[in-house]
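Read the structure below first, then the notes.
In the working numbering, the protein residues as written are 7 to 648.
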């Protein structure tokens, strides 16, 4: 519609609610078309005349307002001049009688209505707390700090109300941020806090307010805070707070996410001075926008650590009682498990009973009490992994190493496998070991064999990797604590444990050594093994008691050990494919005298490669002395030149 048409409609229907303009679309409501406003009546001598349709020109509209029989318009002469240049006001009805309602047509045409503003209610999320702090065993320091913060929030609110006029009120505080590793009961503590304060508990997660419609999520968030304020004193708990607060950096979040974050932070500030205690929980405090958790929004930041000894013991006792009833485990065994599982989450400990019940149903163990070994197997199944251990790991008895060192390694595996009984009679396993010896003497293979025979998980890295990425060590230690019992194997450890007087990574060395000591004491069921070719370069502090205290030496095998190993290995490689010609074994032993196991493996594999080429070219499947000689020159000379 052009401008002239819009002006024409506006003059005819410009009374309130008789013209709707939306951009270029002009709508005349149905009632405006049916009932027109009556003209101003100056004098009426005859019967009422019907009102006709709106005139198309200003002059015609003026004439339509004249009384019947009049020759002149019922307006003053002074008003005629502006009537030519601008539209006159629309005549209005002067009678005081109310307008009769317009009858609705039976056709059922819907009258245009403004859509109602949506109202959100979260009454279904408000509940009375089911328990208080007395239901949580242990964790006394954590509970004390939470309760003190909540009471301070409410006390400052009451103090602000009683402040005499003219005196500054105490600065209000609010906002408690619970953070820590997953599964340690942040939601549990929030509900228990509400029970301790004897106030309602309103808990929301992202799924409670998320919407596919634009701007609806911020509206729902505002409605949650409005409802919390209407309820009065209470605890408003926001679970998984990191899902609400998106990064507001350029390009870091969608505009709707930014709107949601801005609305949430505004509402958080608006709670200050109210009796609503705000609590939020996150597993990733380091990933949160620093502005979102600053003081003034969250004045109390409280870490929820893994359960302490009392809590661990209570959780284990409860889950085992639920699964098997009273007396299913000896008290000493339960106490030992609670002591050694320091750092495990509450949710993992609580799952032990269900895992043990499943194992009994599968026939893994029969009727009777739950033993230490059975509980350790159940925990390993809950962890779901044992690190990275190759399939074809040799037993300790098959490793070529000095017999004295083999005995030490065999005894260590026995102690690690029977650690519970060992500790009951006062024994213990070492915190750290050093495998020292020339290159290729089987140090890494020995570490894997030890893990396999003791049923420990195995995590492996190198000193060079730790130096290149210092954060790798902390990550490795966290993983080791999570899948205990564990062996942490550091190959070429002299890169990171070198004497700090001559090292440029002394800070990293300090980190490794203090990790072994532990901030609150040594972590049980973790054994650190450092493998090195240069033990003399180690820092003396690394070799003291409580760290890498036990040394196991490796060396090149003697002639008898090498003959036994090389003969068996060559026979296995040849199999039924190749025939080992006379003098081949003798020549092989001559070449390998004084060499390491790694050198022997490389020479024998190179000899098989030479025999394979001959078999393809000449169809002769033989391993000859000259194959061994060629392999020795290729492998050993290259290593000597290197």
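Glycine is no exception: its CB is placed at the ideal position from the N, C-alpha and C atoms.
When the beta-carbon positions are compared, residue 131 and residue 209 come within less than 8 angstroms of each other. Residue 408 is a Cβ neighbour of residue 559, given a cutoff of 8 angstroms. Short of 7 angstroms from the beta carbon of residue 395, and not among the five residues preceding or following it, lie these beta carbons of its own chain, in chain order: 454, 457, 458 and 464. With a cutoff of 8 angstroms on beta-carbon distance, residue 401 and residue 350 are scored as not near each other. By the neighbour-count criterion, in which a residue is buried when 16 or more other Cβ atoms sit within 10 angstroms of its Cβ, residue 588 is exposed. Assignment of alpha helix (DSSP H) within the segment 540–596, counting only whole runs of 4 or more residues, yields 565–580 in chain order. Between the C-alpha atoms of residue 192 and residue 280 there is a straight-line separation of about 23 angstroms.
Residue 201 and residue 306 do not touch by the CB rule: their CB atoms are close to 19 angstroms apart, not below 8 angstroms. The count of Cβ pairs closer than 8 angstroms, one atom from the segment 139–148 and one from the segment 308–322, reaches three, so the stretches are in contact. Using a Cβ distance threshold of 8 angstroms, residue 440 and residue 473 do not count as a contacting pair.
In the structure shown, residue 145 adopts coil according to DSSP, grouped into three states.
In the structure shown, residue 298 falls within a helical segment according to DSSP collapsed to helix, strand and coil. Pairing residue 616 with residue 633 gives a Cβ-Cβ distance under 8 angstroms. Here residue 585 has 627, 628 and 629 as same chain residues with Cβ atoms under 8 angstroms from its own Cβ, once five neighbours each way along the sequence are excluded. Taking C-beta separations shorter than 8 angstroms and ignoring five residues to either side along the sequence, the partners of residue 387 in its chain run 361 and 365, following chain order. When secondary structure is reduced to three states using DSSP, residue 243 falls in the strand class. Residue 182 carries a strand assignment under DSSP once its states are collapsed to helix, strand and coil. The secondary-structure analysis by DSSP pairs residue 307 across a beta bridge with 183. For residue 376, the CB contacts under 8 angstroms within the same chain, skipping 5 residues up- and downstream, are 326, 330, 334, 335, 339 and 362 in chain order.
Look at the beta carbons and you see the segment 500–520 touching the segment 542–557: at least three pairs across the two are nearer than 8 angstroms.
Relative to residue 421, the option among 288, 533 and 223 whose CA is nearest is 533.
Collapsing the DSSP output to three states places residue 437 in coil.
Counting only residues of its own chain and dropping the five nearest sequence neighbours on each side, residue 514 has a CB closer than 8 angstroms to the CB of 472, 473, 476, 479 and 502.
In the structure shown, residue 284 falls within a strand segment according to DSSP collapsed to helix, strand and coil.
Rounded to whole angstroms, the gap between the alpha carbons of residue 468 and residue 494 is 10 angstroms. Relative to the Cα of residue 607, the nearest Cα in the group 519, 579 and 252 belongs to 579.
About 7 angstroms separates the beta carbons of residue 285 and residue 199, which is inside the 8 angstroms limit, making them a contact pair.
In the three-state reduction of the DSSP assignment, residue 269 falls in the helix class. Apart from sequence neighbours up to five positions away, the residues of its chain that approach residue 521 with a beta-carbon distance below 6 angstroms are 483, ordered along the chain. Using a Cβ distance threshold of 8 angstroms, residue 538 and residue 499 count as a contacting pair. Residue 211 has its alpha-carbon roughly 21 angstroms from the corresponding atom of residue 278. Exclusion of the five residues before and after residue 591 leaves 572, 573 and 576 as the residues of its chain whose Cβ lies within less than 8 angstroms of its Cβ. Considered as a whole, the segment 442–500 harbours 449–460, 469–474 and 477–488 as its complete alpha helix (DSSP H) runs of no fewer than 4 residues, in chain order. In this model, residue 614 and residue 509 are separated by some 44 angstroms (Cα to Cα).
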